[in-house]
Each structure stands twice: as C-alpha cells, then as structure tokens.
Ligand SMILES: Cc1ncc(C[n+]2csc(CCOP(=O)(O)OP(=O)(O)O)c2C)c(N)n1
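Protein chains in written order, with our numbering: chain A, 1330 to 1655; chain B, 13 to 421.
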C-alpha cells in the first residue's frame, strides 16, 4: 500500500488504533481520552470503536493514572497512558520514578513494565503556563525509563508501535506544536530500531542535533545556512534515552562541529550530556567546542514572550557562526 | 477488535449493588451516629461497639448480634484451623524476633518489626485465596508467611543483597513497597485488570495509618470506587507513623473515610485473629462478587520500634505499650484454645520446637546469604536493554579487570 499523508497527531491516533486492534491487552487511559478523544484529539474515535473497557476515561489524578497503569501492567496489560500536558506530569512523577522505572530491577527481572506514557510537550502554541514545558531531561536521568520524541508523522506512527511493544516503560514526548504537520506515513514499512538517530539532512560543515519540535527548525536553519554557502548536517535523535551517540559521533567526525538544539533549559539539559559525551568521543576531531541552544534557566514565560525564550532561526544561526569562527 | 472487547467484558456486574449498602452493618449503622464528629477527634480511639471483635483479650468468643454477619464467616472454623492460626502467629513472631536479633548482630542493616500485628496479618492473610493478589508495604511478614513466601527471602532487602528477593508472581505476593502508599494504586490497577479479565480473584492492599494521609491512597480509593475494582484496602492502624500519632494523620476515624468514596469501611480489632479473618473474608467475598472495594481498618498496635533505627521512648510512654500488651493477639488465642480444649501441652511443645528450628534456619540462611555479584548493578535495569547501561557495564568490567592486572592475577 502506498504511503499516506497525514498529520502527526493523526499518525499517533492510527498507531494507537492499530495497537488496540492487534493486541487485546493494549489499553488507552487518561483524562478526556474517551468521548472527547483527548484535548488534542489524538485518541479521537478510539472510544467509539473499542469501548470504555479499552479506552478509559480516568479520574483527574495523574498519580492514580500511572499507579493503576502499573497495576494493570502487573496483571498483563499494556497501558498507554496520556498525561494531558507536560506541566501536569509531576503529580505522577513519584509513581514514574520510584515505581514504574524500578519495578523490573526490583523484581530481578521477573516483572515487566510495558507502560507507555504519552506527554504532549513543548511550546510555541501560545498556551497558558504549565502547558509548554520540556521536562524530558528529568525523565532521561532516571534509569529504567526510556524516553523518545518523534519529529514527524511517520516516526510518530512507528515509534508508537515500537514503544507499545517494548517491555520497558517508555516516556513518549509528543511535540505538540508539530501535531498538525503532515508527512507521508507508510504503514507497511519496516521501521528501524526505536532508539536510533537518523541523519535527516546531509552536510559537511557542521552538525545540528535535535529531536521533537526542534528538528524542523534545524532543517530550516540548514536551508538558511545553505544560502550563505554553508553545508549543515541535521541529525534527528528520535530517542533521548538511550541516545544514539554512534550516529552523532559519525556525523561529528565528518563535520567536526556540533550544536545541540532543544527547547528545554540548557542547564543540565540533554544537550549538556551530548556535549560531554561527544567531547569525550571526538576530542581530536572537534574544531570547536560543542555548543548548545535552548531555553533559559527561567520558568517558561507567558505566551507573549515565548518567541524570545524558544530557540529560533537566528539564535541557532548565531551559534553556527560562533562554531565556525573557531 | 470489538469482538475481543466484548469477549473481555467483566463477568462481575459492575455496580449492581450500590456500594456501601451490603454487608456493612457495622460501618453504616455507626456512621449515622457519628455526624457530629467534629467534637470527636481521632484521639478518641474506637469504642468497643464500632470495633468488630470475635475474641476478647481474655480469650472468650464474642456473641454479638451486631457483628453476626462477619461472625458467620468463621462460624464453622475447626479446632485444627484455629491451631493453624495460632501456629502462624507464633512462627511469624519468632521469625520477626530472630530478624530483630540479626539486625542487632549486624547481619541486617535494618528491620521493620511486626510485633503486635500478628493477628491482623495472619487473619487477613489467611483470608486470601491462592489466586488472590497481595500488595504489601514493608512490614507484612505475616502476610508473606500466609502466602507461602519463604521468610528468609524477606531478609534480602534488609540485609542489602537485593531490593526485592522473591518473584511476585510465584506467590501472588508483590514486592515490599517502601514509598508510602504507592502500592495502593498498584493494587487498584491490578484489580481493574482482574475485573477486565472477568476473573473472580480478589486483590488486597496493605498500608499503615500514616499512609492514609498520602494522596496515592485517596486516589486509589477513588479509582477503586469509580471502576468498582475488586480490591480490599487493609489499613493496619498500629497507632503510629514513626513518631506521629493518629492525631497528626487524621481528624476522622480511618474506616469512615470509605464512606466518602462510596464503599463500606469497617474497623476490626486487629489483635483478634478471628475477627480479622472474618472481616477480610467478608470483604474479599463481596469484591469477588463484583460489589467493589472495601476498607478494613485493623485497629492494632506496633509493640516494638518503627524499625530498628527508631527510638520510641522519645515519643510514647511505656504504659501505652503495657496497655496493649494486655491485648496481645497470641495470648488471647492461646487462652481460647486452652479453655475450649482445642490444644494440649503436646501441641504447644511441638510448636515451640518448630519455632526453634525456624529461628535456627533463619540465622543460618541469613549468615550464608552471599553478596550479590557486582555486575548485578547492571542487570535488569531494562527488559529490552539500553545502550548506556551496556557501555557503562563494559567500563565497569574494564575497571574491575584493572585490579586483577595490578595484582598480577
Ligand atoms: C513517601 C514516603 N515518605 C516518607 C517515608 C519515610 N517513612 C517510612 S515509614 C514511615 C511511617 C509510615 O507509617 P504508617 O503508614 O502508619 O505505617 P507503619 O510503618 O506504622 O506500619 C515514614 C514516614 C517513606 N517511606 N515514604
């Protein structure tokens, strides 16, 4: 079957539908995921077709949602949980960090935790506070969790399939500002491994590494830089834990320069980890220190200021200039 | 797809009977008389009328019409079964004492004693069926015993050789949970799964009076009620959460909490093994029938320290303990067994010998417990593996190997 063009949100929806169809143990849980289809309509139509036993509107209690999902997983189910917005995951953070992440290790491998936690994240949609944050580093720091974020509809579709099939808990960060971006999705394709990065644009002068919402920005940066005669390579990390350092390393050994771009605050963010590791791995290849572009160490600002806060074309281009000036 | 949905429809009739209307005479009847509870604080401990008791501290059977329904759950209990409950309590206490001693000898890093709570644990534990699933905290050694978990397995985490120590699925006894209240939600989710499977197993979640203050426990109550999940919440109110008394946790008697969530709550004499057994059977039965959750508050007392690191003399008086000693769960059943001629000297002597043997085995097994392999750090972090763990394991191996080289091995 030929690939089909669809929006990223729709791709997740179709992926969830496929999982519900193929495995009776898959459940969808969350606030408003049923009749409403989620506040972003990502679960649209699933309640109608699979019923409230499979697509479960939960009480408004994030710890309860994740805690009961853990219990359901212990009983052999594969819950896919929706946290309505990034800033609301914290009531569930305890369950995720102290329970979900550690259950497999504590049971010496006897118990599996095939739970997916979907979190629409990131800014750029003019939302009120707590609706635009990028807390991925807080999860990636925790052993036992896997953390991924697709940047386009095709990845969103396949990465969701793989996340649901994983026996490990996967935090699946959905770039909400890209929900409506369309791309070709080939539902027959054989996807690569969930935790591999991909070079989405080849280049020779500098590598931009990004994930989720920032991949598109980096591609725009590469376009703009090309007009100035600079050839930038763009790597879509896709996975934040584990990080596919080999792919980044290969790219950096070629371009000799790296900039990591994410929306989350730069300080102790995932870019810091990547900069450190790539410096270790590629010390003699690097022509410039690894640079990072991201959010400030400040609360996510009100919507009228978010364009100042978020990495944009010019901020990334400035970093490109700085790197190339070494 | 919809076909499988239909096939998975729970057999139980969700909400067929309004929660709180069945079998909770004790709870519901009393609740109406307690509406002026603002004048009563939690400090006013449960009166004897609200407490389900089937065996007095003097070891006499209680014939109380108000609790007849619960009593019916142990009406046909045989002398053999009674001796069994006694044996369970004695051996559990012995095991616990042995573990405390082992901690004092430096063999365990910490121990959380269940001394005084044997009846609540053995009564409720023996009420569970093989296919039921139990979610304990960290003090449920007696329940573990009832589930057939080898008690020496409970010591691994306290010795520091693992964070669990048993396969939760082999005895349907989940791992101890240290984060207070978390497991109430796991139990509820598991019970939701039981209902989805159309199975008629019950699930029981244990937690303490302190845990009742945690949001997770309230969330669990609510989820359980909303989904009519077959879960029994078993709160052992041992009066203290480390140094904090009930007054610092709640303004209403804990069993009354259930009413606000829409299911029955009952307070049972937690030092009465018969009443604990009866009330838990009642609650598990109604859960199995699809009548949803229930809360049992087992009113009991932690006779020892919170853990071996605790110093109760800083916050409670000796006379409080003395008063509870008079209500000792083991003594009262012994009195009953003796007065009813259900056990003779031979039984008690044999049990004493069995107890010695258990103590000896526990000592030996603990002392022989090997430290885990150092590479265990990297085992089971993920089910499907993780590149970073692999990389760090390799670094660790190289580091370890460097010592071998240095020693010229
Ligand atoms: C979330 C959390 N906070 C604090 C602690 C430290 N802590 C361990 S036991 C305990 C008291 C628990 O009291 P209770 O729930 O009544 O149970 P008990 O130990 O008396 O059986 C505390 C505060 C913890 N384990 N988890």
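Every residue, glycine too, gets a C-beta built ideally from N, C-alpha and C. If you're wondering where the values come from, they're calculated on a predicted model, not measured in any experiment.
To the nearest angstrom, how far is the alpha carbon of residue 244 of chain B from that of residue 1404 of chain A?
17 angstroms
Could you have a look at residue 252 of chain B and say whether DSSP puts it in helix, strand or coil?
strand
Span of the beta strand (DSSP E) holding residue 10 of chain B?
As displayed, chain B neither begins before 13 nor continues past 421, which places residue 10 of chain B out of reach and without an answer.
Please find out if some non-hydrogen atom of ligand 1 comes closer than 7 angstroms to the beta-carbon of residue 175 of chain B.
no
Please list, in chain order, the chain A residues whose beta carbon lies closer than 7 angstroms to that of residue 200 of chain B.
1397 and 1400
Taking the straight line between their C-alpha atoms, what separation do you get for residue 96 of chain B and residue 354 of chain B?
11 angstroms
If we count the other Cβ atoms within 10 Å of its Cβ and call it buried at 16 or more, is residue 88 of chain B buried or exposed?
exposed
Chain-order list of residues whose beta-carbon lies under 7 angstroms from that of residue 1401 of chain A (same chain, five-residue window excluded)
Beyond the five residues adjoining it in sequence on each side, residue 1401 of chain A comes within less than 7 angstroms, by CB distance, of 1356 and 1408 in the same chain, given in chain order.
State the DSSP-derived secondary structure class of residue 285 of chain B, mapped to helix, strand or coil.
helix
Bridge-paired residues (DSSP) for residue 1624 of chain A:
A:1594
Report the three-state DSSP secondary structure of residue 1442 of chain A (helix, strand or coil).
coil
DSSP bridge partner residues for residue 1308 of chain A (one or two, in chain order)
Residue 1308 of chain A lies beyond the stretch modelled for chain A, which goes from 1330 to 1655, so this question has no answer here.
Taking the straight line between their C-alpha atoms, what separation do you get for residue 288 of chain B and residue 1390 of chain A?
Cα to Cα, residue 288 of chain B sits roughly 32 angstroms from residue 1390 of chain A.
Just tell me which of A:1446, A:1442, A:1584 and A:1491 has its CA closest to the CA of residue 1415 of chain A.
The shortest C-alpha separation from residue 1415 of chain A is found at A:1446.
Sorry if obvious, but does the Cβ on residue 250 of chain B come closer than 7 angstroms to a heavy atom of ligand 1?
yes
In the DSSP assignment, find the beta strand (DSSP E) that holds residue 1581 of chain A and state where it starts and stops.
No beta strand (DSSP E) holds residue 1581 of chain A; the alpha helix (DSSP H) holding it covers 1574–1584.
Given that a residue counts as buried once 16 or more other Cβ atoms are within 10 Å of its Cβ, and exposed if not, what is residue 117 of chain B?
exposed
Taking the beta strand (DSSP E) that residue 369 of chain B falls in, what are its first and last residues?
No beta strand (DSSP E) contains residue 369 of chain B, which is instead part of the alpha helix (DSSP H) from 357–380.
Backbone secondary structure at residue 1539 of chain A - three-state DSSP:
If DSSP states are grouped into helix, strand and coil, residue 1539 of chain A belongs with the strands.
Output, in chain order, the set of chain A residues within a Cβ distance shorter than 9 angstroms of residue 235 of chain B.
1387, 1388, 1390, 1393, 1394, 1396 and 1397
Proximal residues to residue 378 of chain B (C-beta, below 6 angstroms), its chain only, five neighbours per side dropped
Answer for residue 378 of chain B: 114, 119 and 167, listed in chain order.
How is residue 32 of chain B classed by DSSP in three states: helix, strand or coil?
Below a pLDDT of 50, predicted positions are generally treated as unreliable, and residue 32 of chain B, at 34, falls in that range; the measurement from the model is reported next regardless. Here residue 32 of chain B sits in coil by DSSP.
Just the chain A side, please: which residues come within less than 7 angstroms of residue 396 of chain B by C-beta, in chain order?
1495, 1496 and 1497
Check whether residue 226 of chain B and residue 254 of chain B have beta carbons under 8 angstroms apart
no
Apart from the five residues just before and just after residue 1396 of chain A, which ones in its own chain have a Cβ nearer than 6 angstroms to its Cβ?
1424, listed in sequence order.
Excluding sequence positions up to five away, which residues of its chain have a Cβ less than 8 angstroms from the Cβ of residue 409 of chain B?
Counting only Cβ-Cβ distances below 8 angstroms, and skipping sequence neighbours, we find 387.
If we ignore side chains and look at the alpha-carbon of each, how far apart do residue 237 of chain B and residue 349 of chain B end up?
39 angstroms
Please list, in chain order, the chain A residues whose beta carbon lies closer than 9 angstroms to that of residue 174 of chain B.
1435 and 1437
C-alpha distance - residue 335 of chain B paired with residue 329 of chain B, whole-angstrom precision:
10 angstroms
Using the beta-carbon of each residue, which ones in chain B are nearer than 7 angstroms to residue 1406 of chain A?
205
Ends of the beta strand (DSSP E) at residue 1322 of chain A?
Only positions 1330 to 1655 of chain A appear in this structure, which leaves residue 1322 of chain A out of reach.
Output yes if chain B places a C-beta closer than 8 angstroms to the C-beta of residue 1441 of chain A; else output no.
yes
Considering only residues of the same chain and omitting the five flanking positions on each side of residue 1597 of chain A, which have a CB-CB separation below 8 angstroms?
1466
Bridge-paired residues (DSSP) for residue 1565 of chain A
Per DSSP, A:1527 and A:1539.
Return yes when the C-beta of residue 211 of chain B is under 7 angstroms from any heavy atom of ligand 1, and no when it is not.
no
Starting from the Cα of residue 1615 of chain A, find the closest Cα among A:1536, A:1624, A:1419 and A:1585 and give me that residue.
A:1585
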